[in-house]
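Trainee: Following this message is one structure expressed as structure tokens.
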Amino acid sequence: MYKVFRNVKAITPFREIEDAVLVVQGDQIAELGHIADIEISDKADVYDLDGHIITPSFIDLHVHGAVGVDYTEADEDQIKEISEFLLSRGVTGVLATLYPKPKDALIQDVRRLAEYIRSNPRHNIIRGIHLEGPYLNPKMHGAINEDYIWEPDKKDWSDLRDAGRGTVRLMTIAPEVEGTTEIIRNAAREGIVPSIGHSIAEYDDISVAIDNGAAQVTHIFNAMAPFHHRKPGVLNAAFLHGELKVQLIADGIHVHPSVIQTLHKLKGASGIILISDAMAASGYKQGSYNFGDQEVTVDESGAHLADGTIAGSVATLDIGIQVLVKQAGLPLTNAVRMASLNPSRVLGTEQYKGILAVGKDADLVVMDQNFNVKMTLLNGDIVYSNL
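Numbering (this note's numbering), first residue to last: 1 to 387.
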């Protein structure tokens with residue numbers, strides 16, 4: 001059976017196609033073009049989407065949880081609840097992000113998520129695990145519990161890595177901490193992307209990290225030293241080195257819109273990866289939550305520890321699209337690319353996900369003109385609809 005979406009603006013995400021038709025057959029995009037150029041079968045399910053936008057679906061490489069639960073504590077049913085919520089926000093792929101814990105507890109979390117990923121191959125949106133730590137700089141711990149940061153040790157790292165059984169895809173690490181260079185090198189050899197974060201690394205430290213496989217910067221501007229013209233560090237390296245892609249939280253709280261504009265000028269649309277850094281309160285309600293055995297209070301100003309430190313976000317990537325376009329003034333094509341194709345490249349799936357073209361996976365999002373998600377498709381199946 002064919003699904004046909006017509007009278008829609010398609011974001012490829014390199015260009016806009018007005019009055020477009022997109023045809024889905026099975027789990028792939030079968031046709032894409034202008035409405036005048038595509039013949040629609042009488043047997044197709046046709047969705048007339050006048051005034052709507054269709055884009056590749058979103059991939060969030062940094063999300064801790066949602067709907068009141070965190071991946072560190074979620075059982076199988078709760079993981080599915082998180083997934084259902086994220087699908088309603090256009091997200092069809094995530095890296096479940098784990099923060100540091102004592103060794104046995106963190107290894108247990110990794111094993112549990114790895115087993116879930118391996119046991120649920122279809123319509124499971126978890127593409128792997130992002131370890132936010134445990135090798136971070138305590139001076140830049142941010143909302144991470146400082147007591148749970150590990151000292152680098154080869155045996156501990158191999159135990160943690162092996163617990164993931166190939167599902168650990170990304171690791172945030174502070175390259176200036178003694179002993180992390182060998183871990184960065186080993187992670188890169190194992191197909192795990194090292195990302196610089198929670199760090200006060202100097203410029204030379206970062207050059208060494210890049211040579212050993214570091215390819216990303218975690219939630220840029222946050223949990224790192226500010227820009228200094230005589231003491232260059234993570235920010236200056238991120239601006240100058242094309243090898244480093246940067247994660248950006250665009251929730252209207254973490255980074256000012258004018259700074260987003262500056263970052264966009266420096267890194268370009270292909271150098272920025274939109275993330276949520278969402279924690280358990282995302283999509284839920286205001287109140288108190290646990291984050292690494294610390295109390296987090298969520299109100300209209302966001303999520304904070306008792307000392308005022310920002311503790312992740314309560315946003316999702318559709319909110320990020322709204323902030324990038326409406327507040328920072330970025331082109332919609334660029335904003336969508338940051339949420340779809342760019343993270344897909346990190347996961348090595350850019351040949352079939354994150355772009356609209358014939359033969360690509362039919363992982364799609366339909367939004368209204370205000371960028372509110374109205375429908376989500378995963379593998380060609382409609383998994384959420386509010387049309």
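Built from N, CA and C at the ideal position, the CB exists for glycine as well.
(1) Look up R6 in the DSSP assignment and give the residues it is bridged to.
(2) Report yes or no: do three or more beta-carbon pairs, one from the segment 20-38 and one from the segment 291-307, lie closer than 8 Å?
(3) Rounded to whole angstroms, what is the Cα-Cα separation between L95 and H229?
(4) Straight-line CA distance for Y116 to R127?
(5) Please classify Y289: does DSSP put it in a helix, a strand, or coil?
(6) How would you label V358, buried or exposed, when you count the other beta carbons within 10 angstroms and need 16 or more for buried?
(7) Across which residues does DSSP place T55 in a beta bridge pair?
(8) For L160, which residues from the same chain have a beta carbon less than 7 Å from its beta carbon, with the 5 sequence-adjacent residues on both sides left out?
(9) Could you check how far apart the C-beta atoms of A223 and H198 are, in whole angstroms? I think they sit under 8 Å.
(10) Check this for me: beta carbons of D210 and A237, under 9 Å apart or not?
(11) Which value, in whole angstroms, describes the spacing of the CA atoms of P388 and I355?
(12) Report the CB separation of A20 from K9 in whole angstroms; it is logged as a contact under 8 Å.
(13) In whole angstroms, what separates the C-alpha of N290 from that of L87?
(14) Check whether the Cβ atoms of A315 and S276 sit closer than 9 Å, and answer yes or no.
(15) Give me the Cβ distance between M171 and I196, rounded to the nearest whole Å; I'm assuming they're in contact under 8 Å.
(16) Would F239 pass as a contact of L266 if the rule is Cβ separation under 9 Å?
(17) Going by the CB atoms, is the gap between P343 and L131 shorter than 9 Å?
(18) For A30, which residues of its own chain have a beta-carbon under 6 Å away from its beta-carbon, when the five flanking residues on both sides are left out?
(19) Taking all protein chains shown into account, do 16 or more other C-beta atoms lie within 10 angstroms of the C-beta of Q322, making it buried, or fewer, making it exposed?
(20) Beta-carbon separation of A114 and I125 under 9 Å?
(21) With distances taken Cα to Cα, identify the nearest neighbour of I184 among L136, G164, G142.
(22) Compute the distance between the beta-carbons of D27 and G380, then report whether it is under 9 Å.
(23) Within 10 angstroms of its Cβ, does F14 collect 16 or more other Cβ (buried), or is it exposed?
(24) Determine the extent of the alpha helix (DSSP H) in which S83 is found, giving its start and end residues.
(25) State yes or no: is the beta carbon of I210 nearer than 9 Å to at least one beta carbon in chain C?
(26) Whose CA, out of I206, G287, D307, lies closest to the CA of N145?
(27) Give the straight-line distance between the Cα atoms of V452 and G179, rounded to the nearest whole angstrom.
(28) What is the DSSP secondary structure of M140, reduced to helix, strand or coil?
(29) Would you kindly check if the distance between the Cβ of P194 and the Cβ of Y148 is under 9 Å?
(30) Under 9 Å, do K154 and E190 count as touching if we go by C-beta distance?
(31) Measure the beta-carbon distance from D48 to R6 and round it to whole angstroms, keeping in mind my assumption that it falls under 8 Å.
(32) Tell me which same chain residues have a C-beta within less than 6 Å of the C-beta of S288, skipping the five on either side of it?
(33) Kindly indicate which three-state DSSP category Q108 falls into: helix, strand or coil?
(34) From which residue to which residue does the beta strand (DSSP E) around H130 run?
(35) Quickly, what does DSSP pair K267 with across the bridge? List them, please.
(36) Which value, in whole angstroms, describes the spacing of the CA atoms of L377 and V91?
Mentor: A quick look at the data gives this:
(1) In the sequence shown, the residue the question calls residue 6 occupies position 6. DSSP lists V21, D48 as the beta-bridge partner residues of R6.
(2) Touching, no, given that fewer than three Cβ pairs across the two stretches are closer than 8 Å.
(3) As a first step, residue 95 must be located in the sequence shown, where it is residue number 95. As a first step, residue 229 must be located in the sequence shown, where it is residue number 229. If I take the Cα positions, the gap works out to 34 Å.
(4) Translated into the one-based positions of the sequence shown, residue 116 becomes position 116. Translated into the one-based positions of the sequence shown, residue 127 becomes position 127. A straight-line Cα-Cα distance of about 11 Å links Y116 and R127.
(5) Working through the sequence shown from its first residue, we reach residue 289 at position 289. Y289 falls in the strand class under three-state DSSP.
(6) Here residue 358 refers to the residue found at position 358 when the sequence shown is read from its first residue. It counts as exposed.
(7) Residue 55 sits at position 55 when you count from the first residue of the sequence shown. Beta-bridge partners assigned by DSSP to T55: V365.
(8) As a first step, residue 160 must be located in the sequence shown, where it is residue number 160. Its chain contains L106, I107, V110 as the residues whose beta carbon lies nearer than 7 Å to that of L160, once the 5 sequence neighbours on both sides are disregarded; these appear in chain order.
(9) If you number the sequence shown from 1, residue 223 lands on position 223. If you number the sequence shown from 1, residue 198 lands on position 198. Their Cβ separation, rounded to whole angstroms, is 5 Å, which keeps A223 and H198 in contact under 8 Å.
(10) Along the sequence shown, one-based indexing puts residue 210 at 210. Along the sequence shown, one-based indexing puts residue 237 at 237. Note on identity: in this sequence residue 210 is Ile, with Asp being the wrong assignment. Yes, they are a contact pair.
(11) Outside the displayed range of the chain (1 to 387) lies residue 388, so it cannot be described from this structure.
(12) As a position in the sequence shown, residue 20 is number 20, starting the count at 1. As a position in the sequence shown, residue 9 is number 9, starting the count at 1. About 7 Å; that satisfies the 8 Å criterion.
(13) Numbered from 1 along the sequence shown, position 290 holds the residue referred to as residue 290. Numbered from 1 along the sequence shown, position 87 holds the residue referred to as residue 87. N290 and L87 have their alpha carbons spaced roughly 24 Å apart.
(14) Within the sequence shown, residue 315 is the residue found at index 315, counting from 1. Within the sequence shown, residue 276 is the residue found at index 276, counting from 1. S276 sits close to A315, with the two beta carbons spaced by under 9 Å.
(15) Within the sequence shown, numbered from 1, the residue matching residue 171 stands at position 171. Within the sequence shown, numbered from 1, the residue matching residue 196 stands at position 196. Between I196 and M171 the Cβ distance is about 10 Å, and since that is not below 8 Å, they are no contact.
(16) The residue you call residue 239 lines up with position 239 of the sequence shown. The residue you call residue 266 lines up with position 266 of the sequence shown. A contact, by the Cβ cut-off of 9 Å.
(17) Counting from 1 along the sequence shown, the entry for residue 131 is found at position 131. Counting from 1 along the sequence shown, the entry for residue 343 is found at position 343. No Cβ-Cβ contact shorter than 9 Å links L131 with P343.
(18) Position 30 of the sequence shown, counted from the first residue, corresponds to residue 30. The answer, listed in chain order, is V23.
(19) Position 322 of the sequence shown, counting from 1, holds the residue named residue 322. If you draw a 10 Å sphere on the C-beta of Q322, you find 16 or more other C-beta atoms in it, and that means buried.
(20) Locating residue 114 in the sequence shown gives position 114, counting from the first residue. Locating residue 125 in the sequence shown gives position 125, counting from the first residue. No, Cβ-Cβ distance for A114 and I125 is not below 9 Å.
(21) Your numbering for residue 184 matches position 184 in the sequence shown. Comparing Cα-Cα distances from I184 to each of L136, G164, G142, the minimum goes to L136.
(22) The residue you call residue 27 lines up with position 27 of the sequence shown. The residue you call residue 380 lines up with position 380 of the sequence shown. At the C-beta level, D27 and G380 come within 9 Å of one another.
(23) Here the question's residue 14 lines up with position 14 in the sequence shown. By the neighbour-count criterion, in which a residue is buried when 16 or more other Cβ atoms sit within 10 angstroms of its Cβ, F14 is exposed.
(24) As a first step, residue 83 is located in the sequence shown; it is residue number 83 there, counting from the start. Annotation: the continuous alpha helix (DSSP H) that includes S83 extends over 76-87.
(25) The structure shown contains no chain C; it holds only a single protein chain.
(26) On the sequence shown, residue 145 is found 145 positions in, with the first residue counted as 1. The candidate whose alpha carbon is nearest that of N145 is D307.
(27) Since the first residue of the chain shown is 1 and the last is 387, residue 452 is not available in this structure.
(28) Here the question's residue 140 lines up with position 140 in the sequence shown. Looking at M140 - three-state DSSP - the assignment turns out to be helix.
(29) Start at 1 with the first residue of the sequence shown, and residue 148 comes out as number 148. Start at 1 with the first residue of the sequence shown, and residue 194 comes out as number 194. When the beta-carbon positions are compared, Y148 and P194 stay at least 9 Å from each other.
(30) In the sequence shown, the residue the question calls residue 154 occupies position 154. In the sequence shown, the residue the question calls residue 190 occupies position 190. E190 is positioned such that its CB atom lies no closer than 9 Å to that of K154.
(31) Numbered from 1 along the sequence shown, position 48 holds the residue referred to as residue 48. Numbered from 1 along the sequence shown, position 6 holds the residue referred to as residue 6. Between R6 and D48 the Cβ distance is about 6 Å, and since that is below 8 Å, they are a contact.
(32) Numbered from its first residue, the sequence shown carries residue 288 at position 288. Closer than 6 Å at Cβ, skipping near neighbours: E295, T297.
(33) Counting from 1 along the sequence shown, the entry for residue 108 is found at position 108. Helix at Q108.
(34) On the sequence shown, position 130 is the one that residue 130 refers to. From DSSP, the beta strand (DSSP E) with H130 extends over 126-132.
(35) The count along the sequence shown starts at 1 and reaches residue 267 at position 267. Bridge partners of K267: none, in fact.
(36) Position 377 of the sequence shown, counting from 1, holds the residue named residue 377. Position 91 of the sequence shown, counting from 1, holds the residue named residue 91. Roughly 10 Å separates the two Cα atoms.
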